[in-house]
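Right, here's the structure in full:
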């Protein structure tokens, strides 16, 4: 049995859904390896000959010899996923589709694949394997919630690991919060289920042996259940950088109210957790209340960010524009708010109402949903699938683009780099020992980005400025280098997008 598992590329390379990949480099890199397909591979029959493709860094082999093609689909991959499914089925190769958006909107995929998987595949994997061996897949496999203690080791041995900056270990599923625009709880539930520390360490050892020195702890909220968090951090502290190993630099997702627990933040630093994603969303309390983002209303966001960064955790923050309480002045207000924070990198998006969320239901009832866009737009995009209350969709898109460009502008970016470098707490371990170049088959994309971006006057100023900051604080050099890499990639992508628009305008003219 030959099985070809594919993670399709995002549908729109200009949207921030494509920021999982590096821009401005010839060699394709992904910021985080595609954990879905390696996890599915581990659940398939052991005797199967499995081949993986992460289309962000590889071309799909449409002529592949396969007895089954499997596609893992989120909302940003719907169009490409359906296109690939049709291509394989035209060749007579059965197709199975699963993933977040298949589970949330199965009606889109019925009849477009030979089988669809709705929910968490682990609970249906034995039945699926038996049907596969018997030669008769069911049209649908409805799954329950998986026991995180029983998930097998992912098949990272099949993945193109030399093309990924960060490996991935899923540490939990579920989130207790109910932000109106988030579809996580619709897919994996509100009750968070945790992978035991010993299972996390087993996966970390696997990734370390494959050369990874950066690992994303995939968690919808790493700090929400503090007892679990402390137990896992204690295990990471005991493992990371011991036994002759280089330190591993971890990243994850937290809520900003973790700033209230300085002891927990100190443990994060000791464990090697140096970067966290935080959904800041907005500095407007009315918009936070509208989105039911209660955890952000209970704390001063500026002070909390300074506390987290001061404890040694670099923040990459989500910013959203287009809430009902946002008028045309929201873009400048968000810019001023962002500039006040010790944060360099922001995911800037127009508000989207994902399918199956409370926000989607509310907007649908109000006649404010653009249905044809709902199944192609994810959080992080420049477009929206809803009709804003206080501006047009076009004004929201233009405002979001302005905000993104304003934050990337050299003067603004350099000001934030300086604030960040002066605020960031020192690491408890020497992270510079884990430089990417130490891994045999890997070359960090920054080696390609810097010569390219030095040709741009503004980017050159930022590069030289960051070099000065590293010289002043060499202990945070790894952190500054990592953030500079992401910043330059975003600048390169923005420049590429502007060039594409220019070519389109020339064609029209």
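Numbering (UniProt numbering), first residue to last: 1 to 509. Yeah, the Cβ is synthetic: ideal placement off N, Cα and C, and Gly gets one too.
**Prompt:** Is residue 194 buried or exposed, if buried means 16 or more other CB atoms sit within 10 Å of its CB?
**Reply:** It is buried - the Cβ of residue 194 has at least 16 other Cβ atoms within 10 Å.
**Prompt:** What is the DSSP secondary structure of residue 204, counted as helix, strand or coil?
**Reply:** Residue state, collapsed to three classes: helix.
**Item:** Uninterrupted beta strand (DSSP E) stretches inside the segment 75-104 (no shorter than 3 residues)
**Value:** As far as the segment 75-104 is concerned, its whole beta strand (DSSP E) runs of at least 3 residues are 95-98.
**Prompt:** Going straight from the alpha carbon of residue 214 to that of residue 207, what length do you get?
**Reply:** Each residue's Cα considered, the two are about 9 Å apart.
**Request:** Check residue 250 in the structure and name its three-state DSSP category.
**Result:** It is a strand residue.
**Rounded C-alpha distance that separates residue 409 from residue 106** = The straight-line gap from Cα to Cα measures roughly 42 Å.
**Request:** Give every residue of the same chain whose Cβ lies closer than 6 Å to the Cβ of residue 64, excluding the five residues on either side of it in the sequence, and list them in chain order.
**Result:** The answer, listed in chain order, is 4.
**Request:** Please report how far the alpha carbon of residue 332 lies from the alpha carbon of residue 217, in whole angstroms.
**Result:** When rounded, the distance between both Cα atoms is 34 Å.
**Message:** Only counting the same chain, and skipping five residues up and downstream in sequence, which positions put a Cβ closer than 7 Å to that of residue 259?
**Reply:** Cβ neighbours of residue 259 beyond the five flanking positions: 299, 304, 307 and 308.
**Request:** List the residues that DSSP assigns as beta-bridge partners of residue 52.
**Result:** 5, per the DSSP bridge assignment.
**Of the listed residues 282, 22, 429 and 467, nearest to residue 241 (C-alpha basis)** = Checking every option, the nearest Cα to that of residue 241 belongs to 429.
**Validate contact between the segment 405-423 and the segment 326-344 using beta carbons, cut 8 Å, 3 pairs** = Three or more pairs of CB atoms, one per stretch, sit closer than 8 Å, so the segment 405-423 contacts the segment 326-344.
**Request:** Reducing DSSP to helix, strand and coil, say where residue 349 ends up.
**Result:** Of the three classes helix, strand and coil, the one that applies to residue 349 here is strand, per DSSP.
**Classification of residue 271 by the beta-carbon crowding that lies within 10 angstroms, buried from 16 upward** = Buried, because 16 or more other Cβ atoms sit within 10 Å of the Cβ of residue 271.
**Message:** By the three-class DSSP mapping on this structure, what secondary structure does residue 429 have?
**Reply:** The answer is coil: DSSP assigns residue 429 none of H, G, I, E or B.
**Request:** Tell me whether residue 259 counts as near the ligand COA, meaning its Cβ is closer than 6 Å to at least one heavy atom of that ligand.
**Result:** Ligands displayed in this structure: none; no statement on the ligand COA is therefore possible.
**Message:** What would DSSP say about residue 386, mapped onto helix, strand or coil?
**Reply:** Reduced to three states, the DSSP call for residue 386 is strand.
**Asked** Contact check, residue 2 vs residue 42 under 8 Å by CB: the rounded distance?
**Response** At roughly 17 Å, the Cβ-Cβ gap does not stay under 8 Å, so residue 2 and residue 42 are not in contact.
**Message:** Do residue 323 and residue 372 have their beta-carbon atoms positioned less than 7 Å apart in this structure?
**Reply:** No, these two residues do not count as a Cβ contact at 7 Å.
**Message:** Please classify residue 365 as buried or exposed, where buried requires at least 16 other C-beta atoms within 10 Å of its C-beta.
**Reply:** Result: exposed.
**Item:** Own chain, CB closer than 7 Å to residue 245, minus 5 neighbours either side, in chain order
**Value:** For residue 245, where only same-chain residues beyond five positions count, the Cβ hits under 7 Å are 208.
**Request:** Return the chain-ordered list of same chain residues with a C-beta closer than 6 Å to the C-beta of residue 362, the five sequence neighbours on each side being excluded.
**Result:** Cβ within range, chain order: n/a, list empty.
**Enclosing alpha helix (DSSP H) for residue 132 [first to last residue]** = Where residue 132 is concerned, the enclosing alpha helix (DSSP H) stretches over 125-134.
**Touch test, the segment 84-104 against the segment 181-189, Cβ-Cβ under 8 Å, three pairs minimum** = Result yes; three or more Cβ-Cβ pairs closer than 8 Å.
**Span separating the alpha-carbon of residue 481 from that of residue 268** = Each residue's CA atom was taken as its position, placing residue 481 and residue 268 some 20 Å apart.
**Message:** Within the continuous alpha helix (DSSP H) that includes residue 39, where are the two ends?
**Reply:** It spans 35-41 - the alpha helix (DSSP H) in which residue 39 sits, taken as one unbroken run.
**Request:** Would you mind sorting residue 367 into buried or exposed? The rule is 16 or more other CB atoms within 10 Å of its CB.
**Result:** By the Cβ-count criterion, residue 367 is exposed, with fewer than 16 other Cβ atoms from all chains shown falling within 10 Å of its own Cβ.
**Prompt:** In whole angstroms, what separates the C-alpha of residue 488 from that of residue 449?
**Reply:** Distance between the alpha carbons of residue 488 and residue 449 is about 7 Å.
**Request:** Taking the CB atoms as reference points, tell me whether residue 36 and residue 72 lie closer together than 7 Å.
**Result:** Yes, they are a contact pair.
**Item:** Segments assigned alpha helix (DSSP H), at least 4 residues, entirely inside the segment 253-283
**Value:** Runs of the alpha helix (DSSP H) inside the segment 253-283: 262-271.
**Request:** Determine contact between the segment 149-157 and the segment 131-138, defined as no fewer than three beta-carbon pairs at a distance below 8 Å.
**Result:** The answer is no - the segment 131-138 does not touch the segment 149-157, with fewer than three Cβ pairs under 8 Å.
**Prompt:** Taking DSSP as the reference, what is the three-state secondary structure of residue 475?
**Reply:** When DSSP states are grouped into helix, strand and coil, residue 475 belongs to the helix group.
**Message:** According to DSSP, simplified to helix, strand and coil, what is residue 301?
**Reply:** The answer is helix: DSSP assigns residue 301 an H, G or I state.
**Message:** For a quick check, are the C-beta atoms of residue 311 and residue 425 less than 7 Å apart?
**Reply:** With contacts defined by Cβ atoms closer than 7 Å, residue 311 and residue 425 form a contacting pair.
**Message:** Classify residue 392: buried if its beta carbon has 16 or more other beta carbons within 10 angstroms, exposed otherwise.
**Reply:** Taking every protein chain shown into account, the CB of residue 392 has fewer than 16 other CB atoms within 10 angstroms, so this residue is exposed.
**Prompt:** What number of angstroms, rounded off, separates the C-alpha of residue 77 from the C-alpha of residue 157?
**Reply:** Using only the alpha carbons, I get a separation of about 24 Å.
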